[in-house]
DNA sequence: CAATCTGTAACGGTTACAATGACAGTAAGC
DNA sequence: GCTTACTGTCATTGTAACCGTTACAGATTG
């Protein structure tokens, strides 16, 4: 799996942690530990799906436009990674006369698709809000500092 | 996910379809559509785990040494891919004072681990035997030919 | 000892992914 | 209206994972 799912979740949790704060792509990138252009790309998906609002120009950035406890990780997974569980590499050869070789790829496609649905089902049980709660529940000696850096 | 899981499943289903037949890595590779050296590598894992027996030298090859209906895809997944669901890329930075940044990677690690377990749980519901049955159940006009090529 | 097979390591090409740079477009403040 | 500070997006480069392939030692048969 590529890491856009992780970046999207991290960014949303961060924004949920900073309500009413316009965070720039630079701020988010520093927090996530990646480049701001990557953040802007992922945030583009989240904007089109209505999870964040963006504002260009001075004082602009990103802000949450949804309720954290209503956004599940399943939605974010589908937005960023759906269909990527199955390897692109294909087993067998449909043109072969052998029953196994000619049908294995179709069968594995079904298996991977169903497995992915199971995983999505697990992700449905978690929300951006519950993720933030879990982070806050970790034992955190220095958690009172609200620095972004 | 890399494709060793797929190769292992395909090879085992093929061997289950050809009971009492010593299949060489060349034969299996032709059926799977890959190189024989890759087959030998994957079969090495399956041999060490006791799913197949191998024989070197003339007349050698691979043969199933388990009951197809007792081998689940979950076992094969753990053997070939366990732990690969989580991207190697890491979000955040443990050394940062920010609660979100410093704890996100640990949290995502747990999320991916649990998601993988869900997927494994799905794979547990399928066996090499049931996979073979599904292939045989496909509508197959030319399925009587038992050619390997 | 010759032929055929596994077991395993190494190398090279290709593809996917991440980091980065660049720049047009947009909005705010002066 | 000009400057500044942002987003949105594309192109390029570096890098790691993956797959195909070659090579060869070891084992077994005849």
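Residue numbers (my numbering), protein chains in the order written: chain A, 12 to 160; chain B, 12 to 160. Ideal Cβ positions, reconstructed from N, Cα and C, are used throughout, including at glycine. The structure presented is a predicted model; accordingly, all values stated were derived computationally and were not measured.
Per DSSP, the bridge partner or partners of residue i
| i | result |
| --- | --- |
| residue 73 (chain B) | B:34 and B:65 |
| residue 83 (chain B) | B:138 |
Sequence-distant residues of its chain with Cβ nearer than 7 Å to residue i (five each side left out)
| i | result |
| --- | --- |
| residue 85 (chain A) | 131, 134 and 135 |
| residue 142 (chain B) | 20 and 24 |
| residue 28 (chain A) | 143 |
| residue 154 (chain B) | Low confidence applies here, because residue 154 (chain B) scores a pLDDT of 46, under 50, leaving its location unreliable and the question unanswered by this model. |
| residue 16 (chain A) | 87, 88, 91 and 92 |
Min CB distance residue i to chain B below 9 Å
| i | result |
| --- | --- |
| residue 127 (chain A) | yes |
| residue 72 (chain A) | no |
| residue 31 (chain A) | no |
| residue 46 (chain A) | no |
| residue 149 (chain A) | yes |
| residue 145 (chain A) | yes |
| residue 87 (chain A) | no |
| residue 139 (chain A) | no |
| residue 109 (chain A) | yes |
| residue 83 (chain A) | no |
| residue 69 (chain A) | no |
| residue 59 (chain A) | no |
| residue 78 (chain A) | no |
CB contact below 9 Å: residue i versus chain A
| i | result |
| --- | --- |
| residue 97 (chain B) | yes |
| residue 51 (chain B) | no |
| residue 36 (chain B) | no |
| residue 64 (chain B) | no |
| residue 159 (chain B) | With a pLDDT of only 47 at residue 159 (chain B), under 50, the local geometry of the prediction cannot be trusted, and the value read off the model is given with reservation. By this cut-off, residue 159 (chain B) is an interface position. |
| residue 134 (chain B) | yes |
| residue 54 (chain B) | no |
| residue 118 (chain B) | yes |
| residue 103 (chain B) | yes |
| residue 91 (chain B) | no |
| residue 75 (chain B) | no |
| residue 153 (chain B) | In this predicted model, residue 153 (chain B) has a pLDDT of only 49, less than 50, meaning its place in the structure is not dependable enough to derive any value. |
The ligand SAM heavy atom lying under 8 Å from the CB of residue i
| i | result |
| --- | --- |
| residue 98 (chain A) | The ligand content of the structure shown is nil, which means the ligand SAM is not present either. |
Nearest-angstrom Cα separation, counted from residue j out to residue i
| i | j | result |
| --- | --- | --- |
| residue 78 (chain B) | residue 58 (chain B) | 14 Å |
| residue 92 (chain B) | residue 129 (chain B) | 14 Å |
| residue 109 (chain A) | residue 18 (chain B) | 16 Å |
| residue 100 (chain B) | residue 14 (chain A) | 7 Å |
| residue 88 (chain B) | residue 89 (chain A) | 23 Å |
| residue 124 (chain A) | residue 126 (chain B) | 15 Å |
| residue 69 (chain A) | residue 31 (chain A) | 16 Å |
| residue 112 (chain A) | residue 94 (chain B) | 28 Å |
| residue 67 (chain B) | residue 121 (chain A) | 35 Å |
| residue 33 (chain A) | residue 145 (chain A) | 23 Å |
| residue 44 (chain B) | residue 117 (chain A) | 14 Å |
| residue 147 (chain B) | residue 12 (chain B) | 27 Å |
Own chain, CB closer than 8 Å to residue i, minus 5 neighbours either side, in chain order
| i | result |
| --- | --- |
| residue 82 (chain B) | 23, 62, 138, 139 and 140 |
| residue 36 (chain A) | 47, 48, 50, 51, 54, 72 and 73 |
| residue 119 (chain B) | 97 and 102 |
| residue 149 (chain B) | none |
| residue 40 (chain A) | 46, 47, 49 and 50 |
| residue 80 (chain B) | 138, 139, 140 and 141 |
Cβ-based neighbour list, residue i, same chain, cut-off 6 Å, excluding 5 preceding and 5 following
| i | result |
| --- | --- |
| residue 115 (chain A) | 102 and 103 |
| residue 56 (chain B) | 90 |
Cβ pair count under 8 Å reaching 3, the region 71-81 of chain B against the region 12-30 of chain B: yes
The region 103-116 of chain B / the region 57-71 of chain B touching (three or more Cβ pairs under 8 Å): no
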